[in-house]
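Engineer: First the structure, then my questions, so here it is.
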Amino acid sequence: MKCIQLSPLSLAAGSAVTAGLFLLTGMQGTGSFIDGDVREFLSHVSMVDLPDGQGGFNRTVRITGINVQVVNGMGSTDTMNGTGNLVVGYNELGNPDGDDRRGSHNIVGGRENTHASWGGLVVGEMNNVTGQFASVSGGVLNTASGRVSSVSGGNNNTASGTDSSVGGGASNTASGLRSSVRGGQYNIATGLWSSVSGGRSNEASGGFSSVSGGRLNTAGSTLSSVSGGRFNWAGGDSSSVSGGSYNWASDTGSSVSGGGYNWASGYFSSVSGGRARVAPGNDDWVAGSLFEDD
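Under this note's numbering, the residues of the sequence shown are numbered 41 to 334, in order.
Given below as structure tokens:
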């Protein structure tokens, strides 16, 4: 009978390992010659019964004392031919026209997921990984398209910027370089190193800007911040709105601490609270019913 040579690469994982074991076991029963590499491999493999936690056992192939490597055969990690992926489960097709699974060297679990790049992780349902070294670790209908981007869960979230991340929630987008959205809904982080921590329909578009929560708030300039409230806007560099509603801090270093319909429009101006107050001049301040000139 023909001698069968099985290289370490061909004995990588999954069904190939199991099929090879059954084949070799049958050959042993007929007295067939077994290659030395195969003997070495079999010395590291055993069949064990592991408890299922419900009073039964699951038959399991155990590999001990060696590594398992899955590659696409093209010589480097940053290549793609649709093979070299470790797929747990059936990963059924979700798109009638076919899901894009041309990537290599990815870890895939769940169903209806796509992996169109290399070195990534995608689990859950109908999630997409198209960026290099990107990951979607759960949820449904999430996409990690930026290089080294990640989505941790939730639904309909997108991390498209390089090194960007979305922690969860729904319909959030982190598109800026190293931007992040931790949660909430309909939040957007487009600026460099920008962040939105939560809330709904908030946007951090300035570089290093942040929105901590609330609704329909915008941190639109470099180093600007909105801590909460609703319909607030920090539009000047290093400006801030701490809370309230319909407040604007529009010039460099300006701030509104709370209240409603307040506007700090001067350079390093501030409004501490109240309603419909304006600090228009440079270094002006308004504190509720008090003005700098009072």
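Glycine included, every Cβ here is placed at the ideal spot set by N, Cα and C.
(1) Does the separation of the CB atoms of G216 and S204 fall below 8 Å?
(2) On the DSSP bridge list, what partners appear for I106?
(3) Select from G208, T262 and V169 the residue whose C-alpha is nearest the C-alpha of S358.
(4) My assumption, with CB atoms under 8 Å, is that G138 sits in contact with W158. Please give the rounded CB distance.
(5) Would you list the one or two residues that DSSP bridges to G149?
(6) Report the option in S241, S190, L263 and S279 whose CA atom is closest to the CA atom of G254.
(7) Considering only the beta carbon of each residue, do G246 and S220 sit closer than 8 Å?
(8) Cutting at 6 Å between CB atoms, please list the residues of its own chain near A327, excluding the five before and the five after it.
(9) Which same chain residues end up closer than 6 Å to R270 when comparing Cβ atoms and leaving out the 5 residues on each side of it in sequence?
(10) Where DSSP assigns a beta bridge to S189, which residues make up the other side?
(11) With distances taken Cα to Cα, identify the nearest neighbour of Y307 among S267, V281 and W325.
(12) Which whole-angstrom value describes the C-beta separation of V85 and V101, a residue pair presumed to lie in contact below a C-beta threshold of 8 Å?
(13) Quick check: what's the CA-CA separation for R317 versus I228?
(14) Whole angstroms are fine: how far does the CA of N197 sit from the CA of T213?
(15) By Cβ distance below 8 Å, which residues in the same chain neighbour D89 in space, the five residues on each side in sequence not counted?
(16) Roughly how many angstroms lie between the CA atoms of G178 and N167, to the nearest whole one?
(17) Helix, strand or coil: which one does DSSP assign to R270?
(18) In whole angstroms, give me the CA-to-CA distance for T282 and S294.
(19) Cutting at 7 Å between CB atoms, please list the residues of its own chain near G129, excluding the five before and the five after it.
(20) Pull the bridge partners of Q225 from the DSSP assignment, please.
Structural biologist: Once the coordinates are examined:
(1) Translated into positions along the sequence shown, residue 216 becomes position 176. Translated into positions along the sequence shown, residue 204 becomes position 164. Contact flag set, yes.
(2) Taking the first residue of the sequence shown as 1, we reach residue 106 at position 66. Bridge partners of I106: none, in fact.
(3) In the structure displayed, the chain extends from 41 to 334; residue 358 sits before or after that span and is not available.
(4) Indexing the sequence shown from 1 puts residue 138 at position 98. Indexing the sequence shown from 1 puts residue 158 at position 118. Between W158 and G138 the Cβ distance is about 19 Å, and since that is not below 8 Å, they are no contact.
(5) The residue labelled residue 149 in the question sits at position 109 within the sequence shown. In DSSP, G149 forms a bridge with V128.
(6) Translated into the one-based positions of the sequence shown, residue 254 becomes position 214. Measuring from the Cα of G254, the nearest candidate turns out to be S241.
(7) As a working mapping, residue 246 is identified with position 206 in the sequence shown. As a working mapping, residue 220 is identified with position 180 in the sequence shown. Contact flag unset, no.
(8) Walking along the sequence shown from the start, residue 327 turns up at place 287. Only S312 meet the Cβ criterion.
(9) Translated into the one-based positions of the sequence shown, residue 270 becomes position 230. So the list reads G254, R255, L256 and S285, once near-sequence residues are dropped.
(10) For the purposes of this step, residue 189 is taken as the residue at position 149 of the sequence shown. Note: S189 sits in no beta bridge, so no partner.
(11) On the sequence shown, residue 307 is found 267 positions in, with the first residue counted as 1. Out of S267, V281 and W325, W325 has the C-alpha closest to the C-alpha of Y307.
(12) Taking the sequence shown and counting its residues from 1, one reaches residue 85 at position 45. Taking the sequence shown and counting its residues from 1, one reaches residue 101 at position 61. About 7 Å; that satisfies the 8 Å criterion.
(13) On the sequence shown, residue 317 is found 277 positions in, with the first residue counted as 1. On the sequence shown, residue 228 is found 188 positions in, with the first residue counted as 1. When rounded, the distance between both Cα atoms is 29 Å.
(14) The residue you call residue 213 lines up with position 173 of the sequence shown. The residue you call residue 197 lines up with position 157 of the sequence shown. In a straight line, the C-alpha of T213 is about 6 Å away from that of N197.
(15) By one-based count along the sequence shown, residue 89 stands at place 49. Around D89: F97, N98, R99 and T100.
(16) Counting from 1 along the sequence shown, the entry for residue 178 is found at position 138. Counting from 1 along the sequence shown, the entry for residue 167 is found at position 127. Taking the straight line from one Cα to the other gives about 8 Å.
(17) Position 230 of the sequence shown holds residue 270. R270: strand per DSSP, three-state reduction.
(18) The sequence position of residue 282 within the sequence shown is 242, counting from 1. The sequence position of residue 294 within the sequence shown is 254, counting from 1. In the sequence on display, residue 282 carries Ser and not Thr. Looking at the two C-alpha atoms, the distance is approximately 11 Å.
(19) Looking up residue 129 in the sequence shown gives position 89. Hits under 7 Å: G149, G150 and R151.
(20) Your numbering for residue 225 matches position 185 in the sequence shown. For Q225, which the question treats as bridged, DSSP gives the partners A210 and R240.
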